[in-house]
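Chains as they are written, first to last, in our numbering: chain E, 1 to 304; chain G, 305 to 608.
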């Protein structure tokens, strides 16, 4: 039997992944905010490097109280919206629902588990360049793979089925059993590139090309690797050079935090910087350099 | 007998201090570069909070080979020009000359002592807001005190006489016997405020008022204090709160590095950041946070 999906937050991430599942024939229920009227009337347009597609007559909602309970809830909000999650999730979870947090940073699963202690929670990272460029209009520029790892709950079968569904929908999926390492490894890239593109008003390729910023990127990466290892994450010695080479081969682009900053949206400073700093400190490691960038970001955005 | 002064670098600092000495009747020989013709013809105008004055018929030179040997040479160049010092100084030093480096940062005396091993060298810090606003036109906005401390040589009598001459010229002077502490204490203010006003495009009062940048300023100050103490400098526990209070009471202003950055001049990154970082490392202390700001400055200025 097909499992039912809810997509909470139909922006670049939610619109793309939810759209791929819906196109592949999965039952998907989309929660929308500002774009509800538009998508209800005009459907969802996805312009993708893998081929464009359009979806009409989607199951769209503007209030989760109107949604059915779903087997899998894909949370695709920015983490700056996570304070809304308890109210959004309560009506759409049944006792075996799995919540998948496709989000940046660290500490989101812990917080959700305190609010929903009996719910299965999966963490996910998306390696993708995708943006909402207009109401109901998603532009998927590059990449697309998802990494899933269980945080808590009896959900190994569900994870396998989610992975199968995404694979059938054309999305590459990796499943790991160690969410901690997945989250820390993602931060190895996210902390330097998201932070410094904002503070130095630079693109990923400028930062990687200039010898001084490249040194700073690598210094920050090394600090994150050390912090992660102190917290028990497994990160190999070749990971940093791999990340640098990958960035050198990427189309120059603005990471999500730079896009948020340029659009005057809230930045994910708390989950991407403050939570890892706090968690590392609890494990006896001070992330000195990351703290500098964190404070600079908070100064520039006046985010307390 | 009066001692003769040379002023090397007649900008905001050299023009003001040299001007005060000349006004008080000391023999002062001014080395100028771009303003030579103008000052030769029109003299030097000093607009000072302590009263404006104008000096005509100054002893001005465009080449130090035309200058007499002087008893005291006040080096008022930016440290980014220090590679010129050997050529400039050689013709104007006699065997008892004293070179006073009124400069920001660290390591200038060591470098000069290698080039002139038999010359007496004094380090000085200026607590002053003064700028050259036009050719031969100095604007002195606030403060003015000099701190002198011997680096090397038999020059205790000379230092006393220099202090007396400045005092007679209306310039407050403190003489310390521990240049190391003087230099490190100056960096406690200079590193956070010079670095962050550039990187964050902010004024001293903004940085001090906002809770996140204030925390970052204090974090950087604490790192400099720790580094200084590891290197043997004596800095009291009350020094940081005193610096913060002083900054809160200052007229908001742009430190020298911010002025240099806005004017597209070279920044004193080497002496104000890289040298202290290197010297601290030689004493077993890593200035992690300062390194972040150093790399950001080098990225922003493309200064290798």
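For glycine and all other residues, C-beta sits at the position ideal for the given N, C-alpha and C.
- Residue 339 of chain G has its alpha-carbon roughly 36 Å from the corresponding atom of residue 583 of chain G.
- Taking the beta carbon of residue 288 of chain E as reference, the chain G residues within 7 Å of it are 592, 593, listed in sequence order.
- For residue 285 of chain E, no Cβ of chain G is located within less than 7 Å of the residue's own Cβ.
- For the pair residue 288 of chain E and residue 519 of chain G, the CB atoms are not nearer than the 7 Å cut-off.
- Against chain E, the CB of residue 599 of chain G has a partner CB under 7 Å away; the residue lies at that interface.
- Residue range 120 to 134 is occupied by the beta strand (DSSP E) that includes residue 128 of chain E.
- Residues of the segment 245 to 259 of chain E with a C-beta atom less than 8 Å from some C-beta of chain G do not occur.
- Neighbours of residue 205 of chain E across chain G, judged by C-beta separation under 7 Å, do not exist; the nearest C-beta is about 13 Å away.
- The Cβ atoms of residue 537 of chain G and residue 484 of chain G sit closer than 7 Å to each other.
- For residue 603 of chain G, the nearest CB of chain E lies under 7 Å from its own CB, placing it at the interface with that chain.
- Where residue 102 of chain E is concerned, the enclosing beta strand (DSSP E) starts and stops at 93 to 102.
- Across the set E:106, E:184, E:253, the C-alpha of E:184 shows the shortest separation from the C-alpha of residue 236 of chain E.
- Separation of residue 335 of chain G and residue 546 of chain G (C-alpha to C-alpha, rounded to the nearest whole angstrom) is 37 Å.
- A Cβ-Cβ contact shorter than 7 Å links residue 147 of chain E with residue 182 of chain E.
- At a cut-off of 7 Å between C-beta atoms, residue 494 of chain G does not count as an interface residue with respect to chain E.
- Residues of the same chain with a CB within less than 8 Å of the CB of residue 356 of chain G, apart from the 5 flanking positions on each side, are 349, 350 in chain order.
- At least one beta carbon of chain G lies nearer than 7 Å to the beta carbon of residue 210 of chain E.
- Judged by their CB atoms, residue 371 of chain G and residue 333 of chain G are nearer to each other than the 7 Å cut-off.
- DSSP, reduced to helix, strand and coil, places residue 21 of chain E within a helical segment of the structure shown.
- With a threshold of 7 Å between beta carbons, residue 520 of chain G makes contact with chain E.
- Minimum Cα-Cα distance from residue 329 of chain G among the listed residues G:576, G:359, G:342 corresponds to G:359.
- Residue 268 of chain E sits close to residue 80 of chain E, with the two beta carbons spaced by under 7 Å.
- Rounded to whole angstroms, the Cβ separation of residue 397 of chain G and residue 434 of chain G is 26 Å, and the two are not in contact under 8 Å.
- Shown here for residue 462 of chain G: same chain residues with a beta carbon closer than 6 Å to its own, the five before and five after excluded, namely 402 in chain order.
- At the C-beta level, residue 261 of chain E and residue 204 of chain E stay beyond 7 Å of one another.
- Restricting attention to beta strand (DSSP E) runs no shorter than 3 residues, the segment 467 to 547 of chain G encloses them at 477 to 480, ordered along the chain.
- For residue 299 of chain E, the enclosing alpha helix (DSSP H) covers residues 288 to 301.
- Closer than 7 Å to the CB of residue 213 of chain E there is at least one CB belonging to chain G.
- In this structure, the straight-line span from the alpha carbon of residue 168 of chain E to that of residue 23 of chain E is close to 10 Å.
- DSSP lists G:427, G:480 as the beta-bridge partner residues of residue 453 of chain G.
- One finds 503, 504, 600 in chain G with Cβ atoms closer than 9 Å to the Cβ of residue 199 of chain E, taken in chain order.
- Residue nearest to residue 272 of chain E within the set E:13, E:84, E:245, E:125 is E:125 (criterion: CA-CA distance).
- For residue 566 of chain G, no chain E residue has a C-beta closer than 9 Å to its own C-beta; the minimum C-beta separation is roughly 16 Å.
- Residue 224 of chain E has a beta carbon lying at 7 Å or more from every beta carbon in chain G.
- Residue environment: residue 413 of chain G is assigned as buried (16 or more neighbouring CB atoms within 10 Å of its CB, all protein chains considered).
- In terms of Cα proximity to residue 439 of chain G, the closest of G:544, G:529, G:560, G:345 is G:345.
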